[in-house]
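Everything below concerns the one structure shown next.
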Amino acid sequence: ELEDGLDEAFSRLAECRANP
Amino acid sequence: GGVGMTSGSYSPPRVVWLQAMKAKGLEISGTFARRGGVIQMDVSLTNKAMSVMSDFAVQFNKNSFGMAPAGPLQVLTPLGPNQTVEVSLPLSSTGPVMKMEPLNNLQVAVKNNIDVFYFSCQYPISLLFVEDGKMDRQVFLATWKDIPSDNEAQFQIKDCHLNAASNKLQGSNIFTVAKRTVEAQDMLYQSIKLTNGIWVLAELRIQTGNPNYTLSVKCRAPEVSQYVSQCYELILKN
Chain A
51 ELEDGLDEAF
61 SRLAECRANP
Chain B
1405 GGVGMTSGSY
1415 SPPRVVWLQA
1425 MKAKGLEISG
1435 TFARRGGVIQ
1445 MDVSLTNKAM
1455 SVMSDFAVQF
1465 NKNSFGMAPA
1475 GPLQVLTPLG
1485 PNQTVEVSLP
1495 LSSTGPVMKM
1505 EPLNNLQVAV
1515 KNNIDVFYFS
1525 CQYPISLLFV
1535 EDGKMDRQVF
1545 LATWKDIPSD
1555 NEAQFQIKDC
1565 HLNAASNKLQ
1575 GSNIFTVAKR
1585 TVEAQDMLYQ
1595 SIKLTNGIWV
1605 LAELRIQTGN
1615 PNYTLSVKCR
1625 APEVSQYVSQ
1635 CYELILKN
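Read top to bottom, the protein sequences are chains A and B. Start counting the first sequence at 51; every next residue gets the next number (this note's numbering). Start counting the second sequence at 1405; every next residue gets the next number (this note's numbering).
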């Protein structure tokens, strides 16, 4: 579950940085 | 410039650090390398004088990252006129610290039987990137968030034509913690740990078909960021 959460958090970070 | 890449960590091209005309005939050239976790100064000593040189020794001034010789300068036999000797001097990073300008400057004194000579040289701070610099993913996310955006620096790395940037960087202890692709952009989240315990977090953005990469660096000691970006440039282009 933690791993899924971290995967998701990195996806959000990348999305947010690519489209600020 | 020379291609200083062997398998593993980036090593800069060899340069002349001390000219014979300024050192009573002693010419010193060299480079630096990190091999198996050990920092080494690879030095060539050439005798361009007419008499034999002996009794070599080396000392460093205090410097930003505490680099210091970890042993003597091993020139085992006297150096005759027109002879060159190659020496690998292992370095530690636990010597006395004093902030230098530039940060990666090293002031060196070399003595022989004739006199003492001084020179300055600069090293790529990738020498200081340690092998256990892959940050835990959860810690990375928390640290990225925690470091204020004022501490973020952005750099362009132009004309890169690579399809294995991540592998190449890992050879020099720049570790990819996570990779995401967003709208034809690869976003690589990377970590670096310096010998003095400073962590550097980076985002490398590679757009499909665009040879110009964007590097964002976050660090609690933001003065190191420009030196980190120089290392990316050197590693990716060599």
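Beta carbons: idealized from backbone N, C-alpha and C, even for Gly.
Express the C-alpha separation of residue j and residue i in angstroms, rounding to a whole number.
i: B/N1467; j: B/S1524; result: 11 Å
i: B/L1598; j: B/L1449; result: 30 Å
i: B/I1561; j: B/N1614; result: 11 Å
i: A/L52; j: B/L1532; result: 32 Å
i: B/P1506; j: B/I1551; result: 24 Å
i: B/Y1522; j: B/T1612; result: 48 Å
i: B/L1619; j: B/Y1414; result: 18 Å
i: A/E65; j: B/I1639; result: 27 Å
i: B/Y1604; j: B/A1427; result: Sequence inspection shows Val at residue 1604 of chain B; the Tyr mentioned does not correspond to that position. Distance between the alpha carbons of B/V1604 and B/A1427 is about 39 Å.
i: A/A68; j: B/G1440; result: 37 Å
i: B/Q1630; j: B/A1588; result: 27 Å
i: B/E1627; j: B/A1557; result: 10 Å
i: B/M1539; j: A/E58; result: 18 Å
Buried or exposed, going by whether 16 or more other CB atoms sit within 10 Å of the CB of residue i?
i: B/M1445; result: buried
i: B/K1622; result: buried
i: B/Q1423; result: exposed
i: B/T1585; result: exposed
i: A/R62; result: exposed
i: B/N1486; result: exposed
i: B/S1458; result: exposed
i: B/T1481; result: exposed
i: B/T1498; result: exposed
i: B/G1405; result: Unreliable positioning characterises B/G1405 in this predicted model, as indicated by a pLDDT of 32, which lies under 50. The coordinate reading is nonetheless provided below. Per the 10 Å Cβ criterion, exposed.
i: B/A1546; result: exposed
Which chain B residues are close to residue i, counting only those with a beta carbon under 7 Å from its beta carbon?
i: A/C51; result: In the sequence under discussion, the amino acid at residue 51 of chain A is Glu, which differs from the Cys named in the question. The contacting residues do not exist; A/E51 stays about 12 Å from chain B at best.
Could you list which residues in chain A have their beta carbon closer than 9 Å to that of residue i, in chain order?
i: B/L1545; result: L56, A59, F60, L63
Determine the chain A residues that contact residue i at a beta-carbon separation under 7 Å, and present them in chain order.
i: B/A1582; result: F60
i: B/M1591; result: A64, R67, A68
i: B/E1587; result: A68
i: B/E1607; result: R67
How far does the alpha helix (DSSP H) with residue i in it reach, from first residue to last?
i: B/S1595; result: Not the alpha helix (DSSP H): B/S1595 falls in the beta strand (DSSP E), residues 1589 to 1597.
Following the continuous beta strand (DSSP E) through residue i, name the residue where it begins and the one where it ends.
i: A/F60; result: Run containing A/F60: none in the beta strand (DSSP E); it sits in the alpha helix (DSSP H), 52 to 68.
i: B/V1632; result: Counting along the chain, B/V1632 falls outside any beta strand (DSSP E), though it belongs to the alpha helix (DSSP H) covering 1629 to 1641.
i: B/A1606; result: 1603 to 1611
For a contact meaning CB atoms closer than 8 Å, what does residue i contact in chain A?
i: B/R1541; result: L56, F60
Ignoring anything shorter than 3 residues or poking outside the segment 1507 to 1570 of chain B, list the beta strand (DSSP E) runs there in chain order. 1509 to 1515, 1520 to 1526, 1556 to 1561
Scan the segment 1417 to 1464 of chain B and note each continuous beta strand (DSSP E) run of 3 residues or more that stays entirely inside, going in chain order. 1419 to 1422, 1430 to 1439, 1442 to 1451, 1461 to 1464
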